[in-house]
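**Q** For the record, the sequence lines run as chains A and B.
Throughout, the working numbering is defined as the position within the first sequence, counted from one, plus 1211.
Throughout, the working numbering is defined as the position within the second sequence, counted from one, plus 792.
Even for Gly, the Cβ is constructed at its ideal location relative to N, Cα and C.
These numbers come from a predicted model, not from an experiment.
Before we start, here is the structure in question, set down as structure tokens.
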Amino acid sequence: MILQYLDFERPIVDLENRLDQLKRLDDGTDKGVKEEIGKLERKIGKIRKEVFSNLTRWQITQLARHPNRPYMLDYIGHCFRNFLEIHGDRAFRDDPPVVCGFAELEGQRVLLIGQQKGRNTNEKIHRNFGMANPEGYRKALRVMKMAEKFRLPVITFIDTPGAFPGIGAEERGQSEAIARNLLEMAHLKTPIVVAVIGEGGSGGALALGVGDEILMMEHAVYSVISPEGCASILWRDTAKAEVAAEMMKITAPDLKKFGVIDRIVPEPLGGAHRDHKAAADALKAALVETLFPLVSMPLPQLLDRRYRKFREMGAIKRKAGGA
Amino acid sequence: MAIRLFRKKDESDKKIKIPEGMWIKCDACLEIIYKPEVERNLNVCPKCVYHFRIPATERIRAVTDEGTFAEFADDMESVDVLNFVDTKKYVDRLKEAKKKTGRKEAVIVGKGKINGIDIVLSVLDFEFQGGSMGSVVGEKVAMAAETALESHLPLVVFSASGGARMQEGTLSLMQMAKTGAALARLSDARLPYISVLTDPTTGGVAASFAMLGDVIISEPGALVGFAGPRVIEQTIKQKLPEGFQRAEFLLEHGMVDMIVERSRLKATLTQILRYLSGHGDR
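Written out as structure tokens, the structure is:
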């Protein structure tokens, strides 16, 4: 029985619960029940397809935040071997919303850096709802510098509502910590692959987001401000979040079109939260395909390519007629 | 005399009758002050040293040697890629900002001299859409850094911005990465970058080029931070202490090198530039 679902998932979940009940009745003797099961399964498939081929940007935002969505550590469990976590920024404290560690991807040794949300209340509090403090970004930077030193490629996972807006965060230089990572990642002498797996919330997401290839899960979002934040500032009404999500165009297909991301990783029908393993398999395939060519690329070419990628992002009009 | 750096919000809302034209009321000390005197004083209140916000053009006049500033890329304009409409259309907001400021975008970049020292200068304009960074601001700041690199010159950037421009969506966010990347190259070439923070410098501008200076200077009383005070208050559900996120708070927490009054800014920049320029790798 599925207990956590979104409003628009309801028709699917209702039918699935009925299917469960029928399957429990089915002892293999009643032909009618078997037929009914088949009918229901086809119906579920049809409705699921209908719902998921017409998702609004706000619905995709909700999917990106789904409580059952696979988080960084779920993907690590499925995609990598021998994960060994490392902690701390060597200056202030260890920040649990940012997870770092050694791992192997199909025999390639890598360093993983990413944002982790919590599943239950205790975990959520421990992970600060996926919102890092400056020490989290500085831990990430320390690990990146180690990756550079030992020529290990870096894979980052983005999944955060944003950097934490708190008094301590400001005192310890949240903006400096984010800014520093942007600068350092731009010229880090090792390949970086970025995967936006859930919520790409603003500067707090981008602070792990400068790399050679940017992957994005099909139902992830990546935005300059949360739809709620945008609605509250521009409309002075958080209820306008749905419109804000639509206006800001924050989905993977939107961002592929604008050249902000390089590749969309397909999710299983019904969303990554319905089948963690299938989602992880798709991400793993995309990571292997993108990372391995980068590892063999000469460093000057790699860095030049990374520079040009971000240098070219934007839309500008010039009187002289150039673009 | 007590120096009051912050605006007294509650009291300033009370209406005080002021004669039109020549007299203005200071936002901070609420004294009635003679406008020409304030202007002669670089728009700093002669009674309480409150630093009024000033437009980019005035800033350039105040720090560069007369007649030396040559602007480039002044033909760049924003594009409404998202067809963005909130309570107003983005294209209309741009039109209004252009009309109000007489400028095409929220930043001016160019080459100039400070007491004879050649520099590349970039100045954000808070009057144009709150100095917000969309594609054009990001592009011009990156261009300024690249020009400094090619011409082998120091870079000086004055920030005044509420952050990234929401109406250009994720492309605005990416300008943070773009400017950071350009500054990485400048840094690799050992060319100096001095960042001057003015009121206010927050959000995506604070969290990118503004906080990346080799030396970071702030004007007195400037609001500088990542999250806006309102967002923080809503998140932690408590009132923020007086002076939170002001320049003096940042100095105390080790986030800026110094606080410099407007009247001493040019001399201070000159002094720092003399230490840092001339070392870059050709």
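(1) Hey, out of B:E831, B:Y826 and B:D819, whose CA is closest to S1055 (chain B)'s CA?
(2) Which residues in the same chain as L874 (chain B) place their Cβ atom closer than 8 angstroms to its Cβ, once the five residues preceding and following it in sequence are excluded?
(3) Tell me, please, whether the stretch 1357–1374 of chain A touches the stretch 1450–1457 of chain A by the rule of three or more beta-carbon pairs shorter than 8 angstroms.
(4) Indicate the three-state DSSP secondary structure (helix, strand or coil) for R1516 (chain A) in the structure shown.
(5) In this structure, how does DSSP classify Q1026 (chain B) when only helix, strand and coil are distinguished?
(6) Cβ of S943 (chain B) less than 7 angstroms from any chain A Cβ?
(7) Compare the C-beta of G1070 (chain B) against all C-beta atoms of chain A and say whether one is closer than 7 angstroms.
(8) Using a Cβ cut-off of 9 angstroms, which residues of the stretch 1372–1394 of chain A contact any Cβ in chain B, in chain order?
(9) V1506 (chain A) to P1402 (chain A), Cα distance in whole Å?
(10) Between R1066 (chain B) and H944 (chain B), what straight-line distance do the alpha-carbon atoms span, to the nearest angstrom?
(11) Using DSSP with H/G/I as helix, E/B as strand and the rest coil, what is F844 (chain B)?
(12) Does the distance from the CB of T893 (chain B) to the CB of F864 (chain B) come in under 7 angstroms?
(13) I want to verify the contact list: residues of chain B whose CB lies under 8 angstroms from the CB of A1526 (chain A), in sequence order.
(14) Can you find a C-beta in chain A that's less than 7 angstroms from the C-beta of S1000 (chain B)?
(15) Is it a yes or a no for the stretch 1020–1034 of chain B touching the stretch 967–974 of chain B, going by three-plus beta-carbon pairs under 8 angstroms?
(16) Assign M1050 (chain B) to one of two classes, buried (16 or more other C-beta atoms within 10 Å of its C-beta) or exposed (fewer than that).
(17) Measuring straight from C-alpha to C-alpha, what distance separates L1230 (chain A) and R1253 (chain A)?
(18) Using a Cβ-Cβ cut-off of 7 angstroms, state whether H843 (chain B) counts as contacting chain A.
(19) For H1484 (chain A), count the other beta carbons within 10 Å of its own beta carbon; 16 or more makes it buried, fewer makes it exposed. Which is it?
(20) When you compare each of B:F918, B:G922, B:E942 and B:S914 to E931 (chain B) by their alpha carbons, which one comes out closest?
(21) For N833 (chain B), report the span of its beta strand (DSSP E) as first-last.
(22) Can you tell me where the beta strand (DSSP E) holding C1311 (chain A) begins and where it ends?
(23) Ignore the nearest five residues each way along the sequence and tell me which others in L941 (chain B)'s own chain have a CB closer than 7 angstroms to its CB.
(24) Do T860 (chain B) and G904 (chain B) come within 7 angstroms of each other at the CB atom, strictly closer than that value?
(25) Which ranges would you report for the beta strand (DSSP E) in the stretch 898–957 of chain B if only whole runs of at least 3 residues count?
(26) What are the complete beta strand (DSSP E) segments, minimum 3 residues, inside the stretch 849–876 of chain B?
(27) So what does DSSP say about G996 (chain B), is it helix, strand or coil?
(28) Quickly, what does DSSP pair V1321 (chain A) with across the bridge? List them, please.
(29) Given a cut-off of 7 angstroms on the beta-carbon distance, is the pair A1155 (chain A) and G1409 (chain A) in contact?
(30) Cβ of Y1433 (chain A) within 7 angstroms of Cβ of G1411 (chain A)?
(31) Am I right that A1302 (chain A) and R1349 (chain A) are in contact with their C-beta atoms under 8 angstroms? What's the rounded C-beta distance?
(32) To the nearest angstrom, how far is it from the Cα of K817 (chain B) to the Cα of L1015 (chain B)?
(33) Which of helix, strand or coil does DSSP assign to R1292 (chain A)?
(34) Here's a check: name, in chain order, each residue in its chain whose Cβ is nearer than 7 angstroms to the Cβ of I1258 (chain A), leaving out the five neighbours to either side.
(35) By the criterion of Cβ-Cβ separation under 9 angstroms, what are the contact partners of L1004 (chain B) in chain A?
(36) Does DSSP classify F1340 (chain A) as helix, strand or coil?
**A** Here's the rundown:
(1) In the second sequence, the residue the question calls residue 1055 (chain B) occupies position 263. Nearest of B:E831, B:Y826 and B:D819 to S1055 (chain B), Cα basis: B:E831.
(2) The residue you call residue 874 (chain B) lines up with position 82 of the second sequence. So the qualifying residues of the chain are Y882, Q959, E960 and G961.
(3) no
(4) Indexing the first sequence from 1 puts residue 1516 (chain A) at position 305. Of the three classes helix, strand and coil, the one that applies to R1516 (chain A) here is helix, per DSSP.
(5) The residue given as residue 1026 (chain B) occupies position 234 in the second sequence. Q1026 (chain B) falls in the helix class under three-state DSSP.
(6) In the second sequence, residue 943 (chain B) corresponds to position 151, counting from 1. No - not a single Cβ of chain A is within 7 angstroms of the one on S943 (chain B).
(7) The residue you call residue 1070 (chain B) lines up with position 278 of the second sequence. For G1070 (chain B), the answer is no, since every Cβ of chain A falls outside 7 angstroms of its Cβ.
(8) Those would be G1373, A1374, F1375, P1376, G1377, I1378, A1380, E1381, E1382, R1383, G1384, Q1385, S1386, E1387, A1388, I1389, A1390, R1391, N1392, L1393 and L1394, in chain order.
(9) The residue labelled residue 1506 (chain A) in the question sits at position 295 within the first sequence. The residue labelled residue 1402 (chain A) in the question sits at position 191 within the first sequence. Answer to the nearest angstrom: the Cα atoms are 6 angstroms apart.
(10) For the purposes of this step, residue 1066 (chain B) is taken as the residue at position 274 of the second sequence. For the purposes of this step, residue 944 (chain B) is taken as the residue at position 152 of the second sequence. In a straight line, the C-alpha of R1066 (chain B) is about 15 angstroms away from that of H944 (chain B).
(11) Reading the second sequence from its first residue, position 52 is the one you call residue 844 (chain B). Correct three-state label for F844 (chain B): coil.
(12) As a position in the second sequence, residue 893 (chain B) is number 101, starting the count at 1. As a position in the second sequence, residue 864 (chain B) is number 72, starting the count at 1. No; because the gap between Cβ atoms is not below 7 angstroms, this pair is not in contact.
(13) Within the first sequence, the letter at position 315 stands for residue 1526 (chain A). Chain B residues near A1526 (chain A): S870, V871, V873, S927, E960 and L963.
(14) Locating residue 1000 (chain B) in the second sequence gives position 208, where the first residue counts as 1. Answer yes: the Cβ-Cβ gap between S1000 (chain B) and chain A drops below 7 angstroms somewhere.
(15) no
(16) Along the second sequence, read from residue 1 onward, the residue named residue 1050 (chain B) stands at position 258. Residue environment analysis places M1050 (chain B) among the exposed positions, since fewer than 16 neighbouring C-beta atoms fall within 10 angstroms of its C-beta.
(17) Counted from its first residue, the first sequence places residue 1230 (chain A) at position 19. Counted from its first residue, the first sequence places residue 1253 (chain A) at position 42. Between L1230 (chain A) and R1253 (chain A), the C-alpha separation is close to 11 angstroms.
(18) If you number the second sequence from 1, residue 843 (chain B) lands on position 51. By this cut-off, H843 (chain B) is not an interface position.
(19) Taking the first residue of the first sequence as 1, we reach residue 1484 (chain A) at position 273. Counting Cβ neighbours within 10 Å, H1484 (chain A) comes out buried, since at least 16 surround it.
(20) Numbered from 1 along the second sequence, position 139 holds the residue referred to as residue 931 (chain B). Scanning B:F918, B:G922, B:E942 and B:S914 for the CA closest to the CA of E931 (chain B) turns up B:S914.
(21) Within the second sequence, residue 833 (chain B) is the residue found at index 41, counting from 1. No beta strand (DSSP E) contains N833 (chain B), which DSSP labels as neither H nor E.
(22) Position 100 of the first sequence, counted from the start, is the residue given in the question as residue 1311 (chain A). It spans V1309 to L1316 - the beta strand (DSSP E) in which C1311 (chain A) sits, taken as one unbroken run.
(23) As a working note, residue 941 (chain B) is residue 149 in the second sequence. So the qualifying residues of the chain are R977, L978, A981 and L983.
(24) In the second sequence, counting from the first residue as 1, residue 904 (chain B) sits at position 112. In the second sequence, counting from the first residue as 1, residue 860 (chain B) sits at position 68. Yes. Within cutoff.
(25) Taking only runs of at least 3 residues, the beta strand (DSSP E) segments lying wholly in the stretch 898–957 of chain B are 899–906, 909–916 and 947–953.
(26) 862–864 and 868–870
(27) Counted from its first residue, the second sequence places residue 996 (chain B) at position 204. Residue state, collapsed to three classes: helix.
(28) Mapped onto the first sequence, residue 1321 (chain A) falls at position 110. Beta-bridge pairing links V1321 (chain A) to A:A1314.
(29) Here chain A covers residues 1212 to 1534 and nothing more, so residue 1155 (chain A) does not appear.
(30) Translated into positions along the first sequence, residue 1433 (chain A) becomes position 222. Translated into positions along the first sequence, residue 1411 (chain A) becomes position 200. Less than 7 angstroms divides the Cβ of Y1433 (chain A) from the Cβ of G1411 (chain A).
(31) Working through the first sequence from its first residue, we reach residue 1302 (chain A) at position 91. Working through the first sequence from its first residue, we reach residue 1349 (chain A) at position 138. With 8 angstroms as the limit, A1302 (chain A) and R1349 (chain A) qualify as a contact, their Cβ atoms being about 6 angstroms apart.
(32) Along the second sequence, one-based indexing puts residue 817 (chain B) at 25. Along the second sequence, one-based indexing puts residue 1015 (chain B) at 223. Roughly 21 angstroms between the two C-alpha positions.
(33) As a first step, residue 1292 (chain A) is located in the first sequence; it is residue number 81 there, counting from the start. In the structure shown, R1292 (chain A) sits in a strand (DSSP, three-state: E or B).
(34) Your numbering for residue 1258 (chain A) matches position 47 in the first sequence. Same-chain partners within the cutoff: P1222, I1223 and L1226.
(35) Mapped onto the second sequence, residue 1004 (chain B) falls at position 212. The contacting residues are E1387, A1390, R1391, L1393 and L1394.
(36) Here residue 1340 (chain A) corresponds to residue number 129 of the first sequence, with the count starting at 1. F1340 (chain A): helix per DSSP, three-state reduction.
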